Amino acid sequence: MKILDFHIHISEDTAIEEVLSFLDRLQMDRGAILATDHGLQGIERGTNVSWRKAANLAEASGGRLYAVGSVHPDRVKNPAEELKTMLEAGVKGCKLYPHSGFYPNDRRLDEMYALAQDREVPVLIHTGIKAHWFQQMRYNEPIYIDDIAVRFPGLHVVIMHAGYPWVEEALLVAKMNENVIIDLTFLDVLEYTFAPGLTEFVLRRCMHSLGDQKLVWGSEGERLGLSAFEDKGADRVKEYLNRIKGMDFISAGSLDRILYENAARLLHV
Numbered sequence: 005m006k007i008l009d010f011h012i013h014i015s016e017d018t019a020i021e022e023v024l025s026f027l028d029r030l031q032m033d034r035g036a037i038l039a040t041d042h043g044l045q046g047i048e049r050g051t052n053v054s055w056r057k058a059a060n061l062a063e064a065s066g067g068r069l070y071a072v073g074s075v076h077p078d079r080v081k082n083p084a085e086e087l088k089t090m091l092e093a094g095v096k097g098c099k100l101y102p103h104s105g106f107y108p109n110d111r112r113l114d115e116m117y118a119l120a121q122d123r124e125v126p127v128l129i130h131t132g133i134k135a136h137w138f139q140q141m142r143y144n145e146p147i148y149i150d151d152i153a154v155r156f157p158g159l160h161v162v163i164m165h166a167g168y169p170w171v172e173e174a175l176l177v178a179k180m181n182e183n184v185i186i187d188l189t190f191l192d193v194l195e196y197t198f199a200p201g202l203t204e205f206v207l208r209r210c211m212h213s214l215g216d217q218k219l220v221w222g223s224e225g226e227r228l229g230l231s232a233f234e235d236k237g238a239d240r241v242k243e244y245l246n247r248i249k250g251m252d253f254i255s256a257g258s259l260d261r262i263l264y265e266n267a268a269r270l271l272h273v
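Positions 5 to 273 (my numbering) are the ones given, in order, by the sequence shown.
Pasting the structure below:
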């Protein structure tokens, strides 16, 4: 069974050997590595990770890693031009972090969304829980993605983290918009932190409402580095994968789509 980890966070200090070792130990074939733009907040607090860092790691990976960039409308004057520059450098998508101070349906991002639609590049949008105490979850509600999906019907938008705690809202947005996909990353951590039984509940709801072609899976990376959440390292990822593989309502074909094919299609790899 092939696996493409759709959600690997890195830092400015991450070495290529670390990421490839992580893939090998978890028997994963490929991965998407994510830049992080928390805007001016991120500059002040040192949480930003440049898209150039992600692109450099991808270039050094021998074809196993794909870079996903990031923009923040408060930091970048022209998000569309920033995305264009990223794409010219081989970046495969763009991730937004609204909890750093903006709504994802902000009109300042419209030209960027239009470009991503034209270039068939996916936009990943963090939803639900926040990563750091100083961020604001009110920006993270999945309902704002409905606006984007309607305005840009050819744009593939990924609701990251299944919108938790707004899971039903995320599912409804994905159900009502053909161009919206659900990401399953971090459900395992949310389960052992807040919500016992969450992972199976969300998977069952997703399979029932959406089917297997609108779901992607990711690990979050080997290290969380988030003060609010216990970090169990690679063992956490191994356990999550084994749990999904063992769910009797998910067939082998569905597993292939969730763990590899859907992500590969979004990234055009």
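By construction, the Cβ of each residue, glycine as well, lies at the ideal position given by its N, Cα and C atoms.
No experiment lies behind these values; they were computed from the predicted model shown.
Sub-7 Å separation of residue i and residue j beta-carbons
i    : j    : result
E86  : V75  : yes
Y168 : P102 : no
G71  : A62  : The sequence shown places Ala at residue 71, rather than the Gly named in the question. Against a cut-off of 7 Å, the Cβ pair of A62 and A71 comes out as a contact.
Q121 : L91  : no
A153 : V162 : no
A267 : V220 : yes
T131 : H11  : no
Cα-Cα separation between residue i and residue j, rounded to whole angstroms
i    : j    : result
V127 : L119 : 11 Å
M164 : Y264 : 16 Å
A232 : V125 : 32 Å
H13  : K57  : 11 Å
E173 : A19  : 38 Å
V241 : T203 : 13 Å
S255 : K88  : 39 Å
M32  : T40  : 23 Å
D151 : S223 : 28 Å
P108 : E145 : 9 Å
Q139 : L271 : 29 Å
S25  : P77  : 34 Å
L259 : D216 : 8 Å
L27  : F156 : 34 Å
Element boundaries [beta strand (DSSP E), containing residue i]
i    : result
L128 : V127 to H130
Y70  : L69 to S74
A36  : R34 to L38
D150 : It is not in any beta strand (DSSP E) - D150 instead sits in the alpha helix (DSSP H) that spans I147 to R155.
V161 : V161 to M164
L8   : L8 to H13
Simplified DSSP assignment, three categories, for residue i
i    : result
E224 : strand
I186 : strand
L44  : helix
L30  : coil
L219 : strand
Y143 : helix
Residue i - containing alpha helix (DSSP H), residue span
i    : result
H212 : L202 to S213
S138 : One detail in the question is off: residue 138 reads as Phe in this sequence, not Ser. Note, F138: premise wrong, no alpha helix (DSSP H); not H, not E.
V273 : Here V273 belongs to no alpha helix (DSSP H), and DSSP marks it neither H nor E.
Y264 : No alpha helix (DSSP H) holds Y264; DSSP gives it neither H nor E.
Y244 : G237 to K249
K57  : W55 to E63
F253 : From DSSP, F253 is part of no alpha helix (DSSP H); its letter is neither H nor E.
D192 : L191 to T197
T89  : P83 to E92
E172 : V171 to M180
Could you tell me which uninterrupted beta strand (DSSP E) segments, each at least 3 residues in length, are contained entirely in the region 96-123, listed from first to last along the chain?
97-100
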